[in-house]
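Scroll down for the structure; my scribbles are underneath it.
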Amino acid sequence: MSQQIQYPEIIFRENIEWCRSWVPDSNVIELDKPRVLLIGDSIVMGYGPKVAEVMGESASIAYVGTSRFPADPAYLEEISLVLRHTRFDIIHFNNGLHGWDYDEPIYAKYLEQVLDTLRAQTPDAQWALATSTPVREKGNLGQLHERNGRVIERNESIRQLALNEAHPLTDLYELMKGRPEHYAEDGTHYELSGQQLQAEAVAETLRALIDI
31 MSQQIQYPEI IFRENIEWCR SWVPDSNVIE LDKPRVLLIG DSIVMGYGPK
81 VAEVMGESAS IAYVGTSRFP ADPAYLEEIS LVLRHTRFDI IHFNNGLHGW
131 DYDEPIYAKY LEQVLDTLRA QTPDAQWALA TSTPVREKGN LGQLHERNGR
181 VIERNESIRQ LALNEAHPLT DLYELMKGRP EHYAEDGTHY ELSGQQLQAE
231 AVAETLRALI DI
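So for the sequence shown, the numbering used here puts the first residue at 31; every next one is plus one.
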């Protein structure tokens, strides 16, 4: 649990921190299809419901989105709360678009430690990872935000972990890199068309794990 991780002495937080979860079929003990948990931030809250639509009756799709950063002990507590009360067969994980007060070596360090802890809590689950999506300039969607270089660096940590642990990778960064027309005006979030593209990519990863 979180006590095993040596967190920084100073924890940086955003003005508003939030966490939302959606867990269907919670009243069914013996479910006749795989339970899937999508972990992420506001991006997963966008594509999560659409993954459920794409997968249909082949899987029960839950999702949890949070603004927390892996170096914040509250992050592991939020995710662990969901895992403690529901057994998932597949977990699809992303983190990377929050916690900009932390540098990328800190991100890589705590990302690995948090994932190690979460995997230890879910020994029977299959895991997949996902890269974070590009960040564009608000109101000038054809231009990548200056912060996007940090997204790329954080994604390299995700890619390396996926490679080291032999986890499938859903490359949402590459998927959205050349598609500014699917962005909302804030340059971070997506129109329905972008959410649909992401949902289909995630569903492809899930189908391979379910073998359907």
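We put the CB at the ideal spot given by N, CA and C, even for glycine.
| said: Counting C-beta neighbours from all protein chains within 10 Å, is the total for R166 16 or more, i.e. buried, or is it exposed? | reply: With 16 or more other Cβ atoms within 10 Å, it is buried.
| message | Taking the beta carbon of V115 as the centre, do at least 16 other beta carbons fall within 10 Å, making it buried, or is it exposed? | response | One point to set straight first is that residue 115 is His, not Val, in the sequence displayed. By the 10 Å Cβ count, H115 comes out exposed.
| Buried/exposed call for M31, threshold 16 Cβ in 10 Å | For M31, the predicted model reports a pLDDT of 42, less than 50, meaning its position is unreliable; a value from the coordinates is still stated below. M31 is exposed by the Cβ-count criterion.
| field | Where the beta strand (DSSP E) containing I91 begins and where it ends | value | From DSSP, the beta strand (DSSP E) with I91 extends over S90 to T96.
| Between Q33 and E142, what straight-line distance do the alpha-carbon atoms span, to the nearest angstrom? | For Q33, the pLDDT reaches just 48, beneath the cut-off of 50, and the residue's location in the model is therefore unreliable, although a value from the coordinates is still provided. Whole-angstrom Cα-Cα distance: 15 angstroms.
| message | Quick check on L111: buried or exposed, where buried means 16 or more other Cβ atoms within 10 Å of its Cβ? | response | With fewer than 16 other CB atoms across the displayed protein chains lying within 10 angstroms of its CB, L111 is exposed.
| message | Under 8 angstroms: do the region 138-153 and the region 83-90 share three or more Cβ pairs, one atom per stretch? | response | Output reads no: the region 83-90 does not touch the region 138-153.
| Do you know how far the Cα of F123 is from the Cα of V232? | Rounded to whole angstroms, V232 to F123 spans 11 angstroms at the Cα level.
| Cβ-based neighbour list, R65, same chain, cut-off 8 angstroms, excluding 5 preceding and 5 following | Answer for R65: D55, A89, S90, A92, T116, R117, F118, D119 and I120, listed in chain order.
| query | Whose CA, out of Q173, I182 and E107, lies closest to the CA of D133? | reply | Measuring from the Cα of D133, the nearest candidate turns out to be I182.
| field | Endpoints, alpha helix (DSSP H) assigned at G172 | value | Note, G172: premise wrong, no alpha helix (DSSP H); beta strand (DSSP E) at N170 to L174.
| Taking C-alpha atoms, which residue in R50, A158, T200 and R237 lies nearest to I109? | For I109, the nearest C-alpha among the options comes from R50.
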